[in-house]
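What follows is a single structure, written as structure tokens, with notes after it.
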Amino acid sequence: MIFAEKLIRLRKKNGWSQEELAEKLNVSRQAVSKWEGAQTVPELEKLLQLSVLFGVTTDYLLKDELEAEECTGSREDSPVKRISLADAQAYLKWRKTASVLIATGTFLCIVSFMPLLLLGAMAQAGLAGVTEEFAAAAGLCLLAVLVAAGVSLFVWCGFKNAPYEFIDSEPFEPEYGVHGMVSEKKNAFRGAYAACNIAATCICILSIIPLFLSILLKGELFPTVLLLCLTILLAGVGVVLFILCGVRWASMEKLLQEADYAPARKKRSSAQEAVDTAYWLLAVALYLGWSFASGRWELTWLVWPVAGVLYAALSTILQLTVWNKEGRGF
Numbered sequence: 029m030i031f032a033e034k035l036i037r038l039r040k041k042n043g044w045s046q047e048e049l050a051e052k053l054n055v056s057r058q059a060v061s062k063w064e065g066a067q068t069v070p071e072l073e074k075l076l077q078l079s080v081l082f083g084v085t086t087d088y089l090l091k092d093e094l095e096a097e098e099c100t101g102s103r104e105d106s107p108v109k110r111i112s113l114a115d116a117q118a119y120l121k122w123r124k125t126a127s128v129l130i131a132t133g134t135f136l137c138i139v140s141f142m143p144l145l146l147l148g149a150m151a152q153a154g155l156a157g158v159t160e161e162f163a164a165a166a167g168l169c170l171l172a173v174l175v176a177a178g179v180s181l182f183v184w185c186g187f188k189n190a191p192y193e194f195i196d197s198e199p200f201e202p203e204y205g206v207h208g209m210v211s212e213k214k215n216a217f218r219g220a221y222a223a224c225n226i227a228a229t230c231i232c233i234l235s236i237i238p239l240f241l242s243i244l245l246k247g248e249l250f251p252t253v254l255l256l257c258l259t260i261l262l263a264g265v266g267v268v269l270f271i272l273c274g275v276r277w278a279s280m281e282k283l284l285q286e287a288d289y290a291p292a293r294k295k296r297s298s299a300q301e302a303v304d305t306a307y308w309l310l311a312v313a314l315y316l317g318w319s320f321a322s323g324r325w326e327l328t329w330l331v332w333p334v335a336g337v338l339y340a341a342l343s344t345i346l347q348l349t350v351w352n353k354e355g356r357g358f
């Protein structure tokens with residue numbers, strides 16, 4: 029029995045039309061029709077998806093001499109989750125809300141040390157009767173409050189996102205209509221996504237202008253710190269825009285199982301997420317350790333732009349070496 033005949037039998041056994049099977053595999057109905065007509069054979073990634081979808085081995089699908097179905101047990105022991113149209117709509121709605129919460133939490137963390145910088149500069153300049161002791165105590169308290177508020181938003185998002193975690197790491201089946209609905213929303217959002225990324229990039233680049241202007245102040249501390257805070261604010265706004273559009277765009281790619289969220293790339297994404305987490309935890313530890321050891325909070329913020337540049341370099345190197353090699357392995 030050839031592959032085309034096996035595909036027809038398995039599809040009919042599950043009660044699916046060609047269009048429904050195509051929807052589950054994110055391909056056209058014509059592609060399924062050509063497979064069943066023995067005109068073409070699906071690529072490796074689609075064969076793996078078919079194996080999981082039907083709960084049979086790839087050997088059974090590919091070897092003509094195997095007539096009896098060789099089941100993998102995946103459909104019984106590890107059933108592939110299904111996402112209905114209502115589930116997909118609820119997920120997209122939640123991720124739109126989550127993008128605001130994540131962006132807000134990130135912004136709070138970015139600006140958290142601004143009160144410390146401003147109060148310290150006011151104390152050095154003798155403004156408003158602020159003493160160095162008060163500046164340090166109040167600045168550190170405000171820093172802790174802002175960071176705690178930001179982290180609380182991250183934790184809340186994590187709890188709320190728990191029912192959808194399988195979308196990031198496990199194969200799933202979108203039910204009929206999900207692919208079309210998400211594709212329509214993605215196409216409608218494409219223009220806003222591009223505009224948001226362009227605006228965010230421009231704001232981040234232009235954020236260094238206040239630092240350049242501080243050169244004209246010839247070492248005047250308080251105005252220099254004000255310009256530094258303006259740079260931080262602008263950079264924070266740029267990051268917020270990146271998150272607002274990026275989280276929503278990623279949610280659509282996850283449901284469509286495209287780009288980094290294709291089934292064959294999810295294992296790589298999980299490994300990359302572990303590296304990212306370890307990297308930024310190390311950056312936080314370095315920042316806090318240096319800051320508390322030296323007490324020079326007005327200087328230690330430089331850890332973040334340096335960490336950002338090094339992260340971009342590390343990601344590029346891993347993309348060209350480890351991740352690319354693993355991707356070929358799948």
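In terms of the numbering used here, the sequence shown opens at residue 29 and continues consecutively.
Even for Gly, the Cβ is constructed at its ideal location relative to N, Cα and C.
Fair warning: this is a prediction, and the values are worked out from it, not measured in the lab.
- Distances from the alpha-carbon of isoleucine 138 to those of Ala177, Ala220, Asp115 put Ala177 closest.
- Taking all protein chains shown into account, serine 322 has fewer than 16 neighbouring C-beta atoms within 10 Å of its C-beta and is therefore exposed.
- The DSSP-derived three-state label of valine 139 is coil.
- Three or more beta-carbon pairs separated by less than 8 Å are not found between the region 232 to 245 and the region 143 to 152, which leaves the two stretches without contact.
- Counted as a single uninterrupted DSSP element, the beta strand (DSSP E) harbouring glutamate 201 occupies residues 200 to 202.
- Contact annotation, alanine 153 with phenylalanine 250: C-beta distance approximately 4 Å; criterion of less than 8 Å satisfied.
- Spatial neighbours of alanine 126 in its own chain (CB-CB distance under 8 Å, excluding positions within 5 residues in sequence) are listed in chain order as Cys185, Lys188, Asn189, Val275.
- Relative to leucine 168, the option among Phe182, Ala156, Gly157, Met142 whose CA is nearest is Met142.
- Going by DSSP, lysine 62 is part of the alpha helix (DSSP H) stretching over 57 to 64.
- With respect to lysine 109, glutamate 198 sits close: the two C-beta atoms are nearer than 8 Å.
- Using a Cβ-Cβ distance cut-off of 8 Å, the region 256 to 273 and the region 221 to 235 are in contact, since at least three pairs of beta carbons, one from each stretch, lie closer than that value.
- Exposed is the label assigned to leucine 72, since fewer than 16 other Cβ atoms lie within 10 Å of its Cβ.
- By the CB criterion at 8 Å, tyrosine 204 and glutamate 64 fall outside the cutoff.
- The bridge partners DSSP lists for isoleucine 111 are Pro202.
- CA-CA distance, tryptophan 318 to alanine 335, rounds to 14 Å.
- Cβ neighbours of threonine 132 within its own chain (closer than 7 Å, five residues either side excluded): Leu181.
- Only residues of its own chain outside the window of five on either side were considered, and among them Met142, Leu145, Leu146 have a CB closer than 7 Å to the CB of cysteine 257, listed in chain order.
- Assignment of valine 84 by DSSP, reduced to helix, strand and coil, places it in the strand class.
- Between alanine 116 and valine 210, the CB-CB gap stays under 8 Å.
- The C-beta separation of tyrosine 339 from tyrosine 307 comes to about 6 Å, placing the pair in contact by the 8 Å criterion.
- Taking each of Trp277, Pro202, Phe200, Leu174 in turn and checking the Cα distance to glycine 219, the smallest one comes out for Trp277.
- 8 Å or more divides the Cβ of aspartate 87 from the Cβ of methionine 29.
- Annotation: the continuous alpha helix (DSSP H) that includes methionine 280 extends over 249 to 284.
- Counting along the chain, asparagine 42 sits inside no alpha helix (DSSP H), nor does DSSP assign it H or E at all.
- Residues Tyr119 of the same chain have their beta carbon placed closer than 7 Å to that of tyrosine 192, with the five preceding and five following residues left out of the count.
- Under a 10 Å Cβ-count criterion, alanine 287 is classified as exposed, with fewer than 16 other Cβ atoms of the shown protein chains found around its own Cβ.
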